[in-house]
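Respectively, the protein sequence lines represent chains L and D. Count the first sequence with the working numbering and you get residues 1026 to 1369, in order. Count the second sequence with the working numbering and you get residues 1026 to 1369, in order. Don't be surprised by glycine CBs; every beta carbon is placed ideally from N, CA and C.
There are 2 protein chains.
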Amino acid sequence: MLLTDRQVLILQVIVDDFIRSAQPIGSRSLSKKEEITFSSATIRNEMADLEDLGFIEKTHTSSGRIPSEKGYRYYVDNLLLPQKLNHSDMAAIKSLFAERIYELEKIVQKSAKILSEMTNYTSIVLGPAVKDNRLKKLQIVPLNKDTAIAIIVTDTGHVENRMFHFPTSVDPSDVEKMVNILNERLAGVPLTNLNSKLYKEIAVLLRQHISSYDTLLNSIADTLNLPSHEKVFFGGKTNILSQPEFNDVDKIRRLMNMIEQEDGLYQLIRKNPAGINIKIGTENDNSAMENCSLITATYSMGAEKLGTIAVLGPTRMEYSRVISLLQLISTDLSKVLTELYQNK
Amino acid sequence: MLLTDRQVLILQVIVDDFIRSAQPIGSRSLSKKEEITFSSATIRNEMADLEDLGFIEKTHTSSGRIPSEKGYRYYVDNLLLPQKLNHSDMAAIKSLFAERIYELEKIVQKSAKILSEMTNYTSIVLGPAVKDNRLKKLQIVPLNKDTAIAIIVTDTGHVENRMFHFPTSVDPSDVEKMVNILNERLAGVPLTNLNSKLYKEIAVLLRQHISSYDTLLNSIADTLNLPSHEKVFFGGKTNILSQPEFNDVDKIRRLMNMIEQEDGLYQLIRKNPAGINIKIGTENDNSAMENCSLITATYSMGAEKLGTIAVLGPTRMEYSRVISLLQLISTDLSKVLTELYQNK
DNA sequence: ATTAGCACTCGTTCTTATAGAGTGCTAACA
DNA sequence: TGTTAGCACTCTATAAGAACGAGTGCTAAT
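Put into structure tokens, the structure is as follows:
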């Protein structure tokens, strides 16, 4: 099972070449590479062994070889040399993060965009997660006699709003009183705990001060049910379609469907732990992703993980380059977010 | 140029059949239809005339005929009998609008979804336009010593927010004072006029009351620059890909690109006047839409046009059904929105 | 252990043949 | 004069066969 140096060399050249050309590679053309010093016959023997071991495969009986998933896995785990990004790439990223953008979502969205442009693959960014945010302020803006907007602002500046109706019997001054009580008691509480805290501690308090408190309370409680999902942002949704592996109408349909569904992708990306993660082909456990690899990186604010940034490309992806880019962007993103919001 | 009754009948049958089958139709199979009482030779003669007039065309020298764009146009303008929707369709729409949803955007989004599901085409919904809304309330929530969130609520319950920074030298009580002044003076003003009014009338006022008013003023003015674009919602983005006319990888790529770009589509849809509008193929002036038709309908709140709801399908679209659905949904949508928000 | 040589396999491309759907035209018919 | 039957012709789609070339696996020589 341990590969000889020569086998490793051959595997490396095959993967590198296939990533560039998308064409199966045969013993003769391999033997012409400068790093290869032995004959095509020797290569054929080694290739047969590599195939037996499952690292490469043929597309048909007498074709050249292409990397198998196991081959990509070996390549990614052992042969990946961290590629130096060129200066123009570095500069583009630096200038992105040098811009003074204040909205969290906008920064994240821009990152997705630039990532897809630089890789020519599809980028997906999750987050930032709001469920760990803390309530900064709750406000209620009446629209007319029975409708109002409830607005929630979190400590990171995220704003959620919900419209609700209430009986016309409710006294406007009661609404104001309630908002005051809620702000006093709920400021600084993590969003996920709002509802339980509301019913456990505050209901009692409200009952003492407000006449028709129960209808109002239910409206508010409903409003505080925030979306549990992080938002999903995309960059270059159609980029991946220009890859030669998607020259098949059916594959395109299945992949586009999966991308549009969002939920499958979301689940796929979300479960990845901190740092860089690489999932190759069927490792993604999703039939539409058979020919795709997904590379994810997490970004954070201070010590707290905020979200995930990912690249979706063919298994024949430029792993080295994508990883370097993801690494750079995710750390820069974390740095900017930390600077911007951590000094509370 | 005027068609005989028989020619009209033949055209109608050809279009109807092609919409169903997506296959060119020949004189022999036409002659077997029950509404056709004359022979295939007669049909051949009539077809030749219809082709000379530009209403139908051949895919190759000895193929059957398919409708041309001009043929579809004639069909749409003259032959379309308003189709009765079946009960389950009606029921689905009714139940959609019977739900008590209060958020404008959510209602609109749901409409897009149901429309794409019922037609199996792609639906696109613009709006609702916020630029004609009036300011209900402006609020500022400080996050920390130099950052705050400005929140704008409109009379229809639309909420916009923007984060901004200000010098630490600014006095918090000044901020509060300013917000009070702005609310007094700007409530009820259409969003598009906010900025000019701010500089023309209110700057003077602020100068009298607030010490470092100019830095604050600029931050606020920036915040009031709302997005001019209506939002674009989609339903069934990939539905149209399952149409047989998109069995070509290149066509798929071009169309998906155009859909993802959003801006092109937005322009295409926006310029349509009130009511139902049908644009067939090249009438859309967009190369990616060559094989597509776009049907739009506007929806409104009271007398005020709010947005547009549209269906994108192949030129070989079920015009009659789509038009009926659009008509029903757009009027129901208008009705619900009017009821919900008009009673200010 | 390495390599040259060779028979063999399979995909690609081109050609050729065939069947089938449909047309346009002509001539006969009511 | 409008309608129709008949027929030669055109073009597509499909299959089958041939030639080519890239590549393999195996054997024997180095």
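Item	Value
CB contact check: residue 1191(L) to chain D, cutoff 8 Å	no
Short CB-CB distance (under 8 Å) between residue 1219(L) and chain D	no
The ligand GTP heavy atom lying under 7 Å from the CB of residue 1221(L)	Absence of the ligand GTP from the depicted structure is noted, as is the absence of any ligand whatsoever, leaving it without description.
Residue range of the unbroken alpha helix (DSSP H) whose run includes residue 1176(D)	No alpha helix (DSSP H) contains residue 1176(D), which is instead part of the beta strand (DSSP E) from 1172-1179.
Among 1118(D), 1268(D), 1097(D), nearest to residue 1351(D) - alpha-carbon criterion	1118(D)
Three or more C-beta pairs below 8 Å linking the region 1083-1093 of chain L and the region 1324-1338 of chain L	no
Cβ contact check for the region 1238-1257 of chain D and the region 1193-1201 of chain D: 3 or more pairs under 8 Å	yes
Reference residue 1247(D), options 1220(D), 1257(D), 1228(D), 1232(D), closest by Cα	1220(D)
Distance between beta carbons of residue 1061(L) and residue 1038(L), contact taken as under 8 Å	7 Å
Identity of the residue in 1069(D), 1079(D), 1101(D) nearest residue 1089(D) by Cα	1069(D)
Run of the alpha helix (DSSP H) containing residue 1301(D), from where it starts to where it stops	It is not in any alpha helix (DSSP H) - residue 1301(D) carries neither H nor E in the DSSP assignment.
CB contact below 8 Å: residue 1268(L) versus chain D	no
Closest residue to residue 1336(L) among 1160(L), 1312(L), 1290(L) (Cα-Cα distance)	1290(L)
Beta-bridge pairing of residue 1184(D) - partner residues as DSSP gives them	1178(D)
Reference residue 1147(L), options 1300(L), 1308(L), 1258(L), 1298(L), closest by Cα	1258(L)
Backbone CA spacing between residue 1182(D) and residue 1173(L) [nearest angstrom]	8 Å
Between the CA atoms of residue 1216(D) and residue 1158(D) - distance to the nearest angstrom	6 Å
Chain D residues whose Cβ lies nearer than 7 Å to that of residue 1164(L)	1164
Within-8 Å CB hit, residue 1101(D) to chain L	no
Neighbourhood of residue 1108(L) by C-beta distance below 6 Å, restricted to the same chain and skipping five residues each side	1345, 1346, 1349
Interface positions of the region 1244-1258 of chain D facing chain L (Cβ-Cβ less than 7 Å), listed along the chain	none
Residues of its chain near residue 1359(D), where Cβ-Cβ distance is below 6 Å and the 5 sequence neighbours each way are ignored	1324, 1325
Where the region 1326-1356 of chain L meets chain D: residues whose CB sits under 8 Å from a CB there	none
Where the alpha helix (DSSP H) containing residue 1137(D) begins and where it ends	1129-1144
Per DSSP, cross-strand counterpart(s) of residue 1322(D)	1334(D)
Option in 1281(L), 1332(L), 1206(L) with minimal Cα separation from residue 1317(L)	1281(L)
Secondary structure, alpha helix (DSSP H): runs of 4+ residues fully inside the region 1056-1082 of chain D	1065-1078
8 Å Cβ cutoff met for residue 1140(L) and residue 1354(L)	yes
8 Å Cβ cutoff, residue 1277(L) in contact with chain D	yes
Members of the region 1137-1154 of chain L that neighbour chain D once the beta carbon cut-off is set at 8 Å	none
Inter-residue spacing [alpha-carbon to alpha-carbon] between residue 1212(D) and residue 1144(D)	42 Å
Bounding residues of the beta strand (DSSP E) (the contiguous stretch that carries residue 1090(D))	1090-1092
Chain L contacts from the region 1120-1133 of chain D (Cβ-Cβ distance under 7 Å)	1127, 1128
Neighbour list for residue 1285(D) in chain L, Cβ cutoff strictly below 7 Å	1262, 1263
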